[in-house]
Amino acid sequence: MEYSQPKLNLSILLSAVAREVRQQLSRATDETAEIVLYGLVYWFRIWDHEYNLRPTKYLLMWLDFLIKDIESNLLDSKPLVYLLNQIRTGYYQPDIEHFN
273 MEYSQPKLNL
283 SILLSAVARE
293 VRQQLSRATD
303 ETAEIVLYGL
313 VYWFRIWDHE
323 YNLRPTKYLL
333 MWLDFLIKDI
343 ESNLLDSKPL
353 VYLLNQIRTG
363 YYQPDIEHFN
């Protein structure tokens with residue numbers, strides 16, 4: 273698989289994900305959408321604190337399930353799914369070791 277776009281820095285990608293999650297939470301229409309988004313926040317916390325932002329097979333499988341939940345439970349999920357797929361495929365430039 274070849275990419276024509278340059279890799280984003282992980283810090284920029286994480287900022288974009290955080291911004292999109294905040295927007296999605298502000299317009300969440302039901303409890304399920306909120307639970308899915310908070311599950312994603314929890315995933316990022318574990319990825320940072322337990323795995324130092326290094327992807328593992330287990331974490332990526334968990335992210336796959338979250339992406340499916342996001343697609344089926346959020347309105348206008350495409351921007352967030354796109355960003356998460358960048359993380360899922362590893363198509364980013366690691367420029368940080370921990371969240372700020």
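Counting from 273, one number per residue, gives the positions in the sequence shown under our numbering. Think of the CB as a built atom: it goes at the ideal place given N, C-alpha and C, for glycine as much as any other residue. Nothing here was measured: the structure is a model prediction, and the numbers come from that model.
| Query | Result |
| --- | --- |
| Pairwise C-alpha distance: residue 335 and residue 378 | Because the chain in this structure spans residues 273 to 372, residue 378 falls outside the shown range and cannot be described. |
| Integer-rounded CB distance, given that residue 280 should sit under 8 angstroms from residue 354 | In fact, because the Cβ distance is near 11 angstroms, the residues do not count as touching under 8 angstroms. |
| Assigned secondary structure, residue 280 (DSSP; H/G/I helix, E/B strand, else coil) | strand |
| Given residue 348 as reference, the closest of 304, 283, 358, 299 once Cα atoms are compared | 299 |
| Cβ neighbour criterion (16 or more within 10 Å) applied to residue 313 | exposed |
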